[in-house]
Each structure stands twice: as structure tokens, then as C-alpha cells.
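Asker: Sharing a structure here in C-alpha cells format.
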Amino acid sequence: MRRGGVLILLLGLLLIVGAVAAFLFLNQGGVATGPGGGQSGPTALPTEDLGVDVVAAAVDIQQNTVIVDGSTLLELVNIPTSEYEQNQDQLFTSIAEVEGQLATRSYRAGERVERADLTDPGLSQQLPTQQPDRPRDKAYPFIVNNLSGVADQIKPGDFVDVVATFTVIRRQSYPNAQRLEEQAGQVVTVTERELLDLELNTTKTIVQRVQVLRILRPQVAAEGTPEAEAAPVEGGPPQVDASGQPIVEGSEGVEGSPVTAGIWTVILAVNNQEAELMEFALSTDARVVLVLRGAGDDTFEPTIGATFDLLVSEFGVPNPAPLQPRVFSEEEAFIGDPTATPAPTRVP
103 MRRGGVLILL
113 LGLLLIVGAV
123 AAFLFLNQGG
133 VATGPGGGQS
143 GPTALPTEDL
153 GVDVVAAAVD
163 IQQNTVIVDG
173 STLLELVNIP
183 TSEYEQNQDQ
193 LFTSIAEVEG
203 QLATRSYRAG
213 ERVERADLTD
223 PGLSQQLPTQ
233 QPDRPRDKAY
243 PFIVNNLSGV
253 ADQIKPGDFV
263 DVVATFTVIR
273 RQSYPNAQRL
283 EEQAGQVVTV
293 TERELLDLEL
303 NTTKTIVQRV
313 QVLRILRPQV
323 AAEGTPEAEA
333 APVEGGPPQV
343 DASGQPIVEG
353 SEGVEGSPVT
363 AGIWTVILAV
373 NNQEAELMEF
383 ALSTDARVVL
393 VLRGAGDDTF
403 EPTIGATFDL
413 LVSEFGVPNP
423 APLQPRVFSE
433 EEAFIGDPTA
443 TPAPTRVP
């Protein structure tokens, strides 16, 4: 019995020592020991730097290039946050901020784009690139009003056609009398003629598919100051009100009109030949108007123009036949008919 009791005590002691050792072992992984052997709490893990995405060149970009297609020319690259904070005034974090800007220096692929190397493009950089079947377009200023400018509904980037109506003078020789005249001993009949200058109109679409680059409107007068009257431009269309009538000096505009009255300048992209056509039309005091195209309409539409004889022959407009002149006899002219007595009013 003694040996059995001692053995039981030894087993119990071993179990107690093992339990204490296991308890200490399990608590060493989550509790840090302080300088004095005390517990100081869990150990904090370092925070991971996610960095910042900045705009960089996806391909080589040449100097004086307008960055139009940002999805092709640009990309986002990740840099450390500390590096971004040192130069955040010069870096871009969005491709949309860079689109439409002009690069003043060349960029290599992967190089970060900085604000100091970009500027707003001028008009010459905004001209469309040359097409394979025509010379490159140039900028041409055209003065319009609320009628010739499609009621001020044209926006930059739209496409328009140019229609001109010319006035052509045709001289007509009309016989108006005959008389007998002796010539070389013979009496001959001589016809007297009257020369008349007739003004005839002819209309034609002279330029098609013209892109609008910019629209320059007159400055709006400050509130409380009288609005300065726009002076008519020599060679341009007359200033008209919302109803299309010319504005007389001292007259007031129509209050609340939805049509913007006044004169503004539309910058068009045309080649030299098209500019010559428009300049010739304006120099002959022709009426020149713009016709707005629908979005995506790039069709060249052949036309035959419009004159009165073409309207009759091609479009079926009835041509009134000339009536014979009323010839009065001498009795009607010198004696006249007696005054007719009015009949009494009939009661229905």
C-alpha cells in the first residue's frame, strides 16, 4: 500500500507540472513580455503603403502634341505615397485632367506627366488633321446673326453647310415703239427699244461638311450698365431682331425672346478653295447662311442649285403665262364711259 500511494502522488505531481507548462507555452504566442518581465499587450503590425496612382505616358508622346485620346496615350502608374506627397502639385491622378492639353515637351513611355509641361492648345493645334483626299483645313472667321447662324444653336464641333444666294443682273432689250424713217431715199420702219436691267436670284450650296471650331460671341454688358449696340460689320449680314427685321438705331429688342439677337463670329475649318468661294459670295453682297448637319452626317449631297427656270423645269413650279396688255381705244381714253348708277341694296 505504501508503494501504491507514492506512485499515485508522483503521477499527480507530473500532471500538475505538465498543465502549468502547457499553460505557459500557449500564452507566450499572444502576450509580449515587458522589460521587467510583465506583460505589455499584443505586438502591432506595420501598416502597408497602398501608394497613389498618377498619370504617365503609355507611349512616346512628341512635343506640341494635343492629348486628345487619353485612353491610348496615357496610363496610370502606382508610386509610393511619400513620393507623391513630395510632388503632388505637379502630378495628375486622373487621365481626364490631361485630355485636351498640349504637351510642351516630349515624353517617353512610362514617364510621369507633370503640370508644368502642359498648356491649353491654341487654335492652330485644334485644326483637324489632314484627310487623304483633300488639303488640310484652315481657320476661317465667318460673321453670322441669329438667322444666318441657325438661331445660335450651333456648338463647337458641329458640322455645317454653307448656302449662298446671289443676285445677278441681266439686261433686257424691249421694243416699245415703231416709227417710219427715211434712210437713203427709202422709208423704213425703225423699232425703238428700251433697255431694262433685271435682278435675278440664284441659290447654291457652295461648301459642305464644314466643322465649327469656335464661336466668339460679344461680351455681355455688366449688370446695371446699358448694353452697347453692336456695330454692323462691313461685308457681313445686317443686324436683325428676333422676328428677322433689321434693327433700327434706337429700337429696343423683343423682351423674353428665345432667339439670341446680335452678331457673333463662327470659326470654320475650310481649305483654301472653300475660303475663296465664301469670300467671293460675301464680296458680291450675297446672302450667306449656315445649315446645321445632324450628328454623324458626313454625306456629300450633290445639288443643282435653284433659279426660277430650274424651279419650273426640274421641280414643277407652275410658270404663269404673260397676259396680253389691255389696250384702250381712243374713245375710252378721251370720252370714257358714263358713271354707273349703283343698284339698290338687295335684302336677302
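If you use the numbering used here, the sequence shown corresponds to residues 103 to 450, in order. Even glycine gets a Cβ: it sits at the ideal position worked out from N, Cα and C.
Taking 8 Å as the threshold (C-beta atoms), are residue 421 and residue 240 in contact?
Answerer: For residue 240 and residue 421, no; Cβs fall outside 8 Å.
Asker: For residue 345, which residues in the same chain have their Cβ closer than 6 Å to its Cβ, ignoring the five residues on either side in sequence?
Answerer: The pLDDT assigned to residue 345 is 49, lower than 50, so where the model puts this residue is not dependable, and the model offers no usable value.
Asker: Which same chain residues, not among the five before or five after residue 305, have their C-beta less than 8 Å away from its C-beta?
Answerer: Only 265, 266, 267, 268, 407, 408 and 409 meet the Cβ criterion.
Asker: Taking only three categories from DSSP, how would you classify residue 389?
Answerer: It is a strand residue.
Asker: For a minimum of 4 consecutive residues, which ranges assigned as the alpha helix (DSSP H) are wholly contained in the segment 199 to 259?
Answerer: Segments of the alpha helix (DSSP H) lying fully in the segment 199 to 259: 225 to 228.
Asker: Is the beta carbon of residue 101 less than 8 Å from the beta carbon of residue 162?
Answerer: Since the first residue of the chain shown is 103 and the last is 450, residue 101 is not available in this structure.
Asker: Can you list, in chain order, the residues of its chain with a C-beta nearer than 8 Å to that of residue 165? Leave out the 5 residues immediately preceding and following it.
Answerer: Cβ within range, chain order: 205, 206, 207 and 208.
Asker: Does the beta-carbon of residue 251 have 16 or more other beta-carbons within 10 angstroms, so that it is buried, or is it exposed?
Answerer: Residue 251 comes out buried.
Asker: Mind checking which residues open and close the alpha helix (DSSP H) that includes residue 411?
Answerer: Unbroken alpha helix (DSSP H) run through residue 411: 410 to 417.
Asker: Among the residues of its own chain, which have a CB less than 8 Å from the CB of residue 172, if the five just before and after it don't count?
Answerer: Here the set comprises 197, 198, 200 and 201.
Asker: Can you pull the DSSP bridge partners for residue 288?
Answerer: Answer is 285.
Asker: Alpha carbon to alpha carbon, how far is residue 255 from residue 401?
Answerer: Between residue 255 and residue 401, the C-alpha separation is close to 21 Å.
Asker: Residues in its own chain within less than 7 Å of residue 272 by CB, not counting five upstream and five downstream?
Answerer: Once the five neighbours on either side are set aside, the close Cβ partners of residue 272 are 300 and 302.
Asker: Which same chain residues, not among the five before or five after residue 221, have their C-beta less than 8 Å away from its C-beta?
Answerer: These residues qualify, in order along the chain: 203, 204 and 206.
Asker: Alpha carbon to alpha carbon, what distance is there between residue 175 and residue 193?
Answerer: Approximately 16 Å between the Cα atoms of the pair.
Asker: Can you give me the C-alpha to C-alpha distance between residue 246 and residue 261, rounded to a whole angstrom?
Answerer: Answer to the nearest angstrom: the Cα atoms are 15 Å apart.
Asker: Is it the case that the Cβ atoms of residue 296 and residue 276 are separated by a distance below 8 Å?
Answerer: Contact: yes.
Asker: Please state the DSSP three-state secondary structure of residue 275.
Answerer: Three-state DSSP puts residue 275 in a strand.
Asker: In the DSSP assignment, what residue or residues form a beta bridge with residue 264?
Answerer: According to DSSP, which records beta bridges pairwise, residue 264 is partnered with 309 and 392.
Asker: Does residue 164 come out as helix, strand or coil in the three-state DSSP assignment?
Answerer: Reduced to three states, the DSSP call for residue 164 is coil.
Asker: Leaving aside the five residues before and after residue 290 along the sequence, list all residues of the same chain whose C-beta is less than 7 Å from its C-beta, in chain order.
Answerer: Answer for residue 290: 283, listed in chain order.
Asker: Starting from residue 435, follow the beta strand (DSSP E) in both directions and report where the run begins and ends.
Answerer: Counting along the chain, residue 435 falls outside any beta strand (DSSP E), though it belongs to the alpha helix (DSSP H) covering 432 to 436.
Asker: Are the beta-carbon atoms belonging to residue 178 and residue 151 less than 8 Å from one another?
Answerer: Not a contact, by the Cβ cut-off of 8 Å.
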